[in-house]
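K.L.:
Please find one structure pasted underneath; my questions will follow.
Numbering (the UniProt record's numbering), first residue to last: 1 to 231.
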């Protein structure tokens, strides 16, 4: 997986991808879209109607995306005030202030101390900020992910794969999704600042190896895309 982004015309970016790389990127992005979802819903999400006897085959890719796109509701609906319980979603949608909802001040902090008051203020401010912003943030991440999937679906790989060419706006969406994918995989793998050496030296027998290879590859893609888009 040595493909790197390079400058394209009109300020965009291009990269050569083989069939396996296209499949991996698409699969990871679809999983991310399913995880992000629309947020806390007031009712059962709508699903596209499928005629009896159909749905298992046919335009499965379009049906898959249609199902993801259908899960939404008016943007003016209030979002949740509590952080997600899933650690990946909590990483993708972090608290805006301080530690946010969680363990709160240290056990040694007095109930009336400045530390305890600051923690209460941060939790309240984070909850209020999340309520008014998380739905919009989810929608943007979904739009970015859908743009990535559709650009991959538009490719026609040959024996040597295909060249993906992105305009400036598509490049921005790709950059956002690559960042989200790395955050998601890094959280699942419990990656820390001190774990780089361990990641590179994992034996092939380690069950984490495929995800680690994908994580490192996504990092390379993200880095070269940033370099390509930087004036």
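Beta carbons: idealized from backbone N, C-alpha and C, even for Gly.
Going by DSSP, what residues sit across from residue 16 in a beta bridge?
P.N.:
Answer is 163.
K.L.:
Buried or exposed: which applies to residue 158, given that a residue is buried once 16 or more other Cβ atoms fall within 10 Å of its Cβ?
P.N.:
It counts as exposed.
K.L.:
Is residue 143 helix, strand or coil when you go by DSSP?
P.N.:
In this structure, residue 143 counts as helix in the three-state DSSP scheme.
K.L.:
Relative to the alpha-carbon of residue 214, which residue among 200, 135 and 227 has its alpha-carbon at the smallest distance?
P.N.:
Measuring from the Cα of residue 214, the nearest candidate turns out to be 200.
K.L.:
Please report the Cβ distance between residue 10 and residue 167, rounded to the nearest whole angstrom; I am assuming they are in contact, meaning their Cβ atoms lie under 8 Å.
P.N.:
About 6 Å separates the two Cβ atoms, so the contact holds.
K.L.:
DSSP three-state call for residue 124: helix, strand or coil?
P.N.:
Of the three classes helix, strand and coil, the one that applies to residue 124 here is helix, per DSSP.
K.L.:
What does the alpha-carbon distance come out to for the pair residue 286 and residue 155?
P.N.:
Because the chain is modelled from 1 through 231, residue 286 falls outside the range shown and cannot be assessed.
K.L.:
Under 8 Å by Cβ, that's how I've got residue 88 and residue 184 pegged, so tell me the actual separation to the nearest angstrom.
P.N.:
Indeed, because the Cβ distance is near 5 Å, the residues count as touching under 8 Å.
K.L.:
Leaving out the 5 sequence neighbours to the left and right, which residues in its chain are closer than 7 Å to residue 187 when beta-carbon positions are compared?
P.N.:
Excluding residues within five positions, the ones whose Cβ falls inside 7 Å are 87, 88 and 91.
K.L.:
Since residue 85 is in the alpha helix (DSSP H), which residue starts that stretch and which ends it?
P.N.:
Note, residue 85: premise wrong, no alpha helix (DSSP H); not H, not E.
K.L.:
With a threshold of 6 Å on Cβ separation, who are the neighbours of residue 96 within its own chain once the five nearest residues in sequence on each side are excluded?
P.N.:
For residue 96, where only same-chain residues beyond five positions count, the Cβ hits under 6 Å are 126 and 129.
K.L.:
Tell me which same chain residues have a C-beta within less than 6 Å of the C-beta of residue 224, skipping the five on either side of it?
P.N.:
Same-chain partners within the cutoff: 4 and 5.
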